[in-house]
Amino acid sequence: MKSEYDIIVVGAGPAGSTAARYAAQKGASVLLLEKDRDVGYPVRCGEAVSHEGVAQFIEPDPKWIAGTITKMKFISPSNTSVTMPIDSNIGYVLERRIFDYELAKIAATNGAEVVTKAYVYDLIKNENGEAVGVKALIKDEKVEIKCKVVIAADGVESRVGKWAGIDTTCHIRDMESCAQVTVSGLNFEEDTLDLYFGKKVSPGGYLWVFPKGKTSANIGVGVTVEEAKKKSAILYLNEFLEKNYPNASILTRIAGGVPCAKPNKVLVKNRVMLVGDAGHQVNPISGGGIISGMIGGMLAAEVAADSIKNQNLKQLSEYETKFHSRLGWRHEVFASIKNAIWGISDETFDSLTLSTLELPMEKRTLAAIFRKALWNKPSMVLEVAKVFLK
Ligand SMILES: Cc1cc2nc3c(=O)[nH]c(=O)nc-3n(C[C@H](O)[C@H](O)[C@H](O)COP(=O)(O)OP(=O)(O)OC[C@H]3O[C@@H](n4cnc5c(N)ncnc54)[C@H](O)[C@@H]3O)c2cc1C
Numbered sequence: 050m051k052s053e054y055d056i057i058v059v060g061a062g063p064a065g066s067t068a069a070r071y072a073a074q075k076g077a078s079v080l081l082l083e084k085d086r087d088v089g090y091p092v093r094c095g096e097a098v099s100h101e102g103v104a105q106f107i108e109p110d111p112k113w114i115a116g117t118i119t120k121m122k123f124i125s126p127s128n129t130s131v132t133m134p135i136d137s138n139i140g141y142v143l144e145r146r147i148f149d150y151e152l153a154k155i156a157a158t159n160g161a162e163v164v165t166k167a168y169v170y171d172l173i174k175n176e177n178g179e180a181v182g183v184k185a186l187i188k189d190e191k192v193e194i195k196c197k198v199v200i201a202a203d204g205v206e207s208r209v210g211k212w213a214g215i216d217t218t219c220h221i222r223d224m225e226s227c228a229q230v231t232v233s234g235l236n237f238e239e240d241t242l243d244l245y246f247g248k249k250v251s252p253g254g255y256l257w258v259f260p261k262g263k264t265s266a267n268i269g270v271g272v273t274v275e276e277a278k279k280k281s282a283i284l285y286l287n288e289f290l291e292k293n294y295p296n297a298s299i300l301t302r303i304a305g306g307v308p309c310a311k312p313n314k315v316l317v318k319n320r321v322m323l324v325g326d327a328g329h330q331v332n333p334i335s336g337g338g339i340i341s342g343m344i345g346g347m348l349a350a351e352v353a354a355d356s357i358k359n360q361n362l363k364q365l366s367e368y369e370t371k372f373h374s375r376l377g378w379r380h381e382v383f384a385s386i387k388n389a390i391w392g393i394s395d396e397t398f399d400s401l402t403l404s405t406l407e408l409p410m411e412k413r414t415l416a417a418i419f420r421k422a423l424w425n426k427p428s429m430v431l432e433v434a435k436v437f438l439k
């Protein structure tokens, strides 16, 4: 390891490894630091992605695909279910242990240095308060490493952004508290994602059954933190398991938070760039953050490498504009829609499901369901219109 790099990336999740890869590809010297012993473990994720999302970065490979998905099933509060083809025709449930590992390997192949068991605990700052390096505990030894730009890919509990003076607090209303188990020894429809809605199973969120092949699945639930204070996500999950899968063998249990908010307004400050969950780049409706984090990582890395090449670090702020026009504006719309449908009653959900059932399978798209939801709750139109009028 050298004492100085162009770019230091903190965190080797999908956002960080992608940032490291693209920065190295552009010719920057890159150090990727990961606090855990192993890249890709522990996994805190339902692991579902779309084919088109993932294929823009990496050729889909059976070694990190646990299941291929073609359908989604919505299960309403009164247990009516409606199945529809997924928008992009194919999706995957990943094996993230292997997927994340593969992304870090690609970053290394492109020239980034990857170091695990490397916990970043502070920034080194110059007299203007700008980050010019990091302080890290690497294999139990304190080290200081210099750089021109720090990319903060340190996940939902990000601290690097805060050290740079960025407010990364996610409002409690937008934070989903999640619990998930990976179960085995049962039968699942291996090509279908099941999504359960309703105040009894998952208030303010949804419960998912994402099959990993025929006999395993990730079963998890997300509820708003406000709801979780009254009853935890784990209790909702246990109740669901007892009722629906009492004989499941549970292989792993995890808990974690998902920032289902608008993307952070400030993504760049004092030579620090936020990517992935650290910058709230998660889709606020689905809670999916793997692909959007990778997009953030790629855009930040390209801007950082160019700024360094041009010796103009003021250019770093271009990343905010690029992320906004590629994805951020859409997430803002989704966040407003989410807030508008937040109060939707179980009865409305039920009637929506029944009316979607009237549509032939090929016409059951999310857009068609959304149109029906607008019809049921016209105030949503106003909420969405506000976003476009801003
Ligand atoms: C229960 C649950 C289910 C989910 N399901 C899905 C899903 O089905 N599909 C989907 O797309 N998304 C899902 N998500 C969201 C998804 O997991 C995240 O959006 C995604 O992992 C974000 O990637 P990231 O690289 O930003 O952060 P992370 O994957 O969290 O990676 C951050 C990395 O930074 C490291 N790190 C943190 N601090 C430091 C430090 N100080 N020094 C060094 N390293 C550090 C961490 O160890 C970690 O490896 C789910 C999340 C949860 C909690």
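Per the working numbering, the very first residue in the sequence shown carries number 50; after that it's consecutive.
Virtual Cβ for every residue (Gly too), placed ideally from N, Cα, C.
Which whole-angstrom value describes the C-beta separation of residue i and residue j, a residue pair presumed to lie in contact below a C-beta threshold of 8 Å?
i, j, result
"P134", "K120", "6 Å"
"T158", "F106", "14 Å between Cβ atoms; not a contact."
"P91", "M343", "Not a contact, Cβ separation roughly 20 Å."
"A353", "V198", "5 Å"
"G234", "A185", "The Cβ separation is near 42 Å, so there is no contact."
"C196", "E53", "7 Å"
For ligand 2, is there a heavy atom less than 7 Å away from the beta-carbon of residue i?
i, result
"P312", "Ligand 2 is not among the ligands present in this structure, which contains only ligand 1."
Please return the same chain residues whose Cβ sits closer than 7 Å to the Cβ of residue i, not counting the five positions on each side in sequence.
i, result
"F437", "Low per-residue confidence applies at F437: pLDDT is 43, beneath 50, and the placement is therefore not dependable enough to give any value."
"G336", "E225, G271, V307 and C309"
"F259", "G95, E96, A97, V142, L242, A266 and N267"
"Y255", "L244, Y245, F246 and G271"
"L348", "Y368, K371, F372 and R375"
"D395", "P126, G247 and K248"
"D240", "T117, I118, T119 and K120"
Compute the distance between the beta-carbons of residue i and residue j, then report whether it is under 8 Å.
i, j, result
"G306", "V205", "yes"
"V183", "I194", "yes"
"K314", "G214", "no"
"V59", "V192", "no"
"I139", "T117", "yes"
"V163", "I187", "no"
"K249", "P126", "yes"
"D212", "L172", "Strictly speaking, residue 212 in this sequence is Trp, with Asp absent from that position. Contact: yes."
"Q229", "I303", "yes"
"K263", "N236", "yes"
"K84", "A167", "yes"
"L362", "R320", "yes"
"G346", "A202", "yes"
"G65", "L81", "yes"
"A161", "A73", "yes"
"I56", "A77", "yes"
"I334", "K387", "yes"
"G153", "C227", "According to the sequence shown, residue 153 is Ala rather than Gly. No, these two residues do not count as a Cβ contact at 8 Å."
Are the C-beta of residue i and some C-beta of chain C separated by less than 8 Å?
i, result
"K166", "This model lacks chain C altogether, as it is built from one protein chain only."
Check whether the Cβ of residue i lies closer than 7 Å to any heavy atom of ligand 1, and answer yes or no.
i, result
"G234", "no"
"Y168", "yes"
"Q105", "no"
"C309", "no"
"K84", "yes"
"M360", "Going by the sequence as given, residue 360 is Gln instead of Met. For ligand 1, not one heavy atom lies less than 7 Å from the Cβ of Q360."
"K305", "One point to set straight first is that residue 305 is Gly, not Lys, in the sequence displayed. For ligand 1, at least one heavy atom lies less than 7 Å from the Cβ of G305."
"Q229", "yes"
"P63", "yes"
"G377", "no"
"E411", "no"
"V59", "yes"
"C94", "yes"
"I187", "no"
"R208", "yes"
"I283", "no"
"V79", "no"
"G254", "no"
"G269", "yes"
For residue i, which residues of its own chain have a beta-carbon under 8 Å away from its beta-carbon, when the five flanking residues on both sides are left out?
i, result
"A434", "The predicted position of A434 is uncertain, since its pLDDT is 48 and thus under 50; a value taken from the coordinates is nonetheless stated next. The answer is none, since no qualifying residue turns up."
"K439", "Because K439 sits at a pLDDT of 37, beneath the cut-off of 50, its placement in the model cannot be relied upon, and the following sentence gives the value as read from the coordinates. Correct list: empty, nothing qualifies."
"T217", "S207, G210, K211, N313, L323, A327, G328 and H329"
"E275", "I221, R222 and G253"
"Y294", "V232, L235 and I268"
"S251", "Y245, V270, G271, V272 and Y285"
Taking 6 Å as the limit between beta carbons, can you name the residues of its chain near residue i, skipping five residues before and five after?
i, result
"I124", "S130 and Y245"
"F440", "Nothing can be reported for residue 440, as the shown portion of the chain is limited to 50 through 439."
"R70", "I155, A156 and N159"
"Y150", "V88 and G89"
"K311", "E381 and A384"
"L300", "T231 and S233"
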